[in-house]
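Protein chains in written order, with my numbering: chain A, 5 to 295; chain B, 3 to 330; chain C, 22 to 402.
Below, the structure written as structure tokens:
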């Protein structure tokens, strides 16, 4: 039993990070219809940026703040103006293809321009172990889970309780009405991109100590974030977190109890079942198709 | 327009036929490799370009074809038996993959095919008793055709070339037929097509199945070309590259795959850039392509023509307006 | 009998000879290494070591008066690509091929070099590499078949362990090692209580480490590639595993120590090569490598470096630039470090291409490898 709890707990910690990446992905999709295939790389780049700032002597948290600033500018504003805005009016696939290209460019840009090897990344949390009733839990696991939950609920609160947040939700639900109501739609959409950038930085901070900073760390992360977002519900923020937790936990349990070699298949199976039987996701709303 | 088409085709045909004998083994290998991908992306072009489906799992069929042939040949059967088995298998599995396509739309379909690819890849990697797992299957022989051994690099190249032309001709015929019209109707407006009596369910399934068969044949040829297969060339990443090759060439253009595969396979070799450097440029190029040429490289002539016609129409309108103005 | 000869024809002959020699003034060597992908760490180090050796040899006048011309290619840790690059090297008519390092890749690419009769040096450790009947394959590191008995003996005798949990990577290298270890463990009286498979490039080691803990072994034997070893060590530390962690060269390499940080301390490994060996030639190599590349080499750098010098010794023994003759000369050759400092330690090559050499037991202390014991070659001369 303690082993099960152990796996459950570390799975939740990893899953919470998937949830962060999935949340940003979902927000972008909701607010502007942008499917960002480069979401994994949006986590990879801040990881390297933080390493870069750290190599100039900045302490970890300072690097994090600086990286957030750069990310908002680059992965938020530049991405929106350069790629999302021009392509969104052409429908879904051009933006998908463009972000696939972006992912390839980012991945190989880091690989060619910086390093093809893995690099260690400092952890926010010290190496401490706690023993809770036979279950060995690390400070990193608790801290990661706590921070991720805080971020998700903070984002949720922002979207539902503040005026700006409500305006962003209005834009997501019906852009035309929002414009008519006098909401500055482009700025609201920009805020979404900015939030995504910050969430990606947070995900990088939490997951890179384990994953190790490498140019291809974004690939598995991105795929899991997509699956998590869809499982949880593509048009629901809490769904992203739920999806992430489901993916993280099921992976760990499958690896231990079913088969380590088919660990990745579990998230897949859940995903396929969800798409076939509840395509709007576990917590999502049904979306009508326009003819 | 058509004269230019013919000239370009003639040049391409000349290169394909006459250049390889002058190349060394690696060059011939590269040309064969390119043609294998042309076949695979022709199939994907049908599914994605002509029928408008979203398939990010094409490399799975490529792999199924390759492994089928490899496993059967290792068991002692001939390549010529393995090939039809691979084709049938891919057709059946392709039909199966088409079913989710009936239920889910666009981006969900893309993710579903992605999931399918990952699942197939996991089986290839884990089921060592069948596929050799990460060790793969080594020393795959090359077939012989009517007594001629295709073991030599050049002989095998001409065989692959022949298959490419044959499959291309079949596809051309298919697209010119009413079936082809049905596929494009499916892409452009499925609801309207259905209301016109086009059985979109059947055509959706068929577009996946036929595309899969092409990938399967390509996979079979790939196995004997490289003579060693393992799961790595059949990942989601490979599917994405194939998809990009179709997009770059021009989805829905018949020769798109030829150009797209050249960009994906040949260009990096010619440029001699390290893989990472080339992929970086390729990624950036895809972004720019989407911004300025979303219909692929082969849409350039159409674009130029459209612009020219627009200019002529505008000039005609100005002239007509001037005449009217002069009259009144 | 005496003959008077005219100087002029001799001059012409000399000129012709020189022209002919100038036409083949270079010995072409293809360096095929993993410069990206899962093997980037190993391949990059091997490449750097090889290029350092080539630079030194050229500066000292080359081999048989000819300089070495090296071309470097990236196999991307992909056996298919490695095979293609080997084909290209064959087309280029190279004299020798150094690499690839990854066992999975060399198993495939050596078919090409064997067919073209090109001496092929590799740092790959999978036992099957030298079991294919290839007279042109030469190792630059131990075969697992020779290394594992030493490890098993150490675990049974020095650590006085009875049970072992094995965590291995699911590729040519890992599976070959696990098989060799299982055999050696049986012979040493050890009981393998857990046999845990992990994937190449695996990131999350929570489940494998948990399974290892559950088996309650005396010792945990970790046999994975560099990056995965770092992650495994961190997870073992994270989950509070206090049992001895033992491995082979890939467990305590320089890069692994860098990536795993504190978690690497206490790990013990049997290594064929380590830059921290108490050997003056090794220390000299370490310094030269650092001066050239500004970082400390790992064992792959040593493999690349010594591989080139072994090639040189073979060519000099054969006396001519004939690939078949050189391959024959290498089989059964014993090279002493006193005569050829570039090989750093005395080494003998057998008729299968395997090496016999000293090896070491190291422990990681304070982020550095510390040699605890030196083990003699199997067939001490």
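In this text, a Cβ means the ideal position worked out from N, Cα and C, and glycines have one as well.
In chain B, no part has a C-beta under 9 Å from the C-beta of residue 170 of chain C; the shortest such distance is about 24 Å.
Residues are counted here when their Cβ sits less than 7 Å from a Cβ of chain B; for the segment 253-277 of chain A these are 265, 266, 268, 269, 272, 275 and 276, given in chain order. The Cβ-Cβ distance between residue 230 of chain B and residue 129 of chain C falls below 7 Å. Using a C-beta cut-off of 8 Å, the segment 32-48 of chain B makes no contact with the segment 186-194 of chain B, since fewer than three inter-stretch Cβ pairs fall below that distance. By the neighbour-count criterion, in which a residue is buried when 16 or more other Cβ atoms sit within 10 angstroms of its Cβ, residue 131 of chain B is exposed. Contact between the segment 246-255 of chain A and the segment 16-30 of chain A is present: three or more C-beta pairs spanning the two stretches fall below 8 Å. Residue 283 of chain B sits away from residue 262 of chain B, with the two beta carbons spaced by 7 Å or more. Residue-level contact by beta carbon fails for residue 114 of chain C and chain B, as no gap is shorter than 7 Å. Unbroken alpha helix (DSSP H) stretches of 4 residues or longer found wholly inside the segment 149-204 of chain A: 167-177 and 179-184, given in chain order. When secondary structure is reduced to three states using DSSP, residue 109 of chain B falls in the helix class.
At least 7 Å separates the beta-carbon of residue 126 of chain B from that of residue 136 of chain B.
A Cβ-Cβ separation of about 7 Å places residue 70 of chain C in contact with residue 321 of chain C under the 8 Å criterion. Each residue's CA atom was taken as its position, placing residue 223 of chain C and residue 215 of chain A some 9 Å apart.
Counting only runs that start and end inside the segment 260-307 of chain C, the beta strand (DSSP E) elements of at least 3 residues fall at 266-269 and 289-292.
Residues of chain C with a Cβ closer than 7 Å to the Cβ of residue 215 of chain A are, in chain order, 224. By a beta-carbon distance limit of 8 Å, residue 101 of chain C does not contact residue 123 of chain C. Their separation comes to about 13 Å. Cα atoms of residue 173 of chain A and residue 34 of chain A: separation of roughly 8 Å, rounded to the nearest angstrom. With respect to residue 107 of chain A, residue 45 of chain A sits close: the two C-beta atoms are nearer than 7 Å. For residue 140 of chain B, the three-state secondary structure derived from DSSP is strand. Cα atoms of residue 391 of chain C and residue 44 of chain B: separation of roughly 59 Å, rounded to the nearest angstrom. For residue 349 of chain C, the uninterrupted alpha helix (DSSP H) run begins and ends at 344-351, by DSSP.
A Cβ-Cβ separation of about 7 Å places residue 354 of chain C in contact with residue 335 of chain C under the 8 Å criterion. In summary, residue 160 of chain C is buried, with 16 or more beta-carbon neighbours lying within 10 Å of its beta-carbon over all protein chains present. Per DSSP, residue 225 of chain C is not a residue of any beta strand (DSSP E), being assigned neither H nor E.
If you keep only unbroken alpha helix (DSSP H) runs of at least 4 residues inside the segment 213-300 of chain B, you get 238-251, 258-263, 269-273 and 277-294.
The C-alpha of residue 309 of chain B lies about 21 Å from the C-alpha of residue 250 of chain B.
Bridge partners of residue 47 of chain C according to DSSP: C:88. Under the Cβ criterion of 7 Å, residue 259 of chain C is counted among the residues facing chain A. Per DSSP, the continuous beta strand (DSSP E) segment holding residue 135 of chain A begins and ends at 133-136.
Counting C-beta atoms within 10 angstroms of its own C-beta, residue 237 of chain C has fewer than 16 neighbours from the protein chains shown and is therefore classed as exposed. Per DSSP, the beta bridge partners of residue 123 of chain A are A:217. Only residues of its own chain outside the window of five on either side were considered, and among them 365 have a CB closer than 6 Å to the CB of residue 303 of chain C, listed in chain order. Pairwise C-beta distances place the segment 47-54 of chain C in contact with the segment 110-118 of chain C, as three or more of them are shorter than 8 Å. The three-state reading of DSSP puts residue 369 of chain C in strand, counting E and B together.
Of the candidates A:26, A:143 and A:15, the residue whose Cα lies closest to the Cα of residue 202 of chain A is A:26. Among the residues facing chain C, residue 223 of chain A is not included, as its CB has no counterpart in that chain under 7 Å away.
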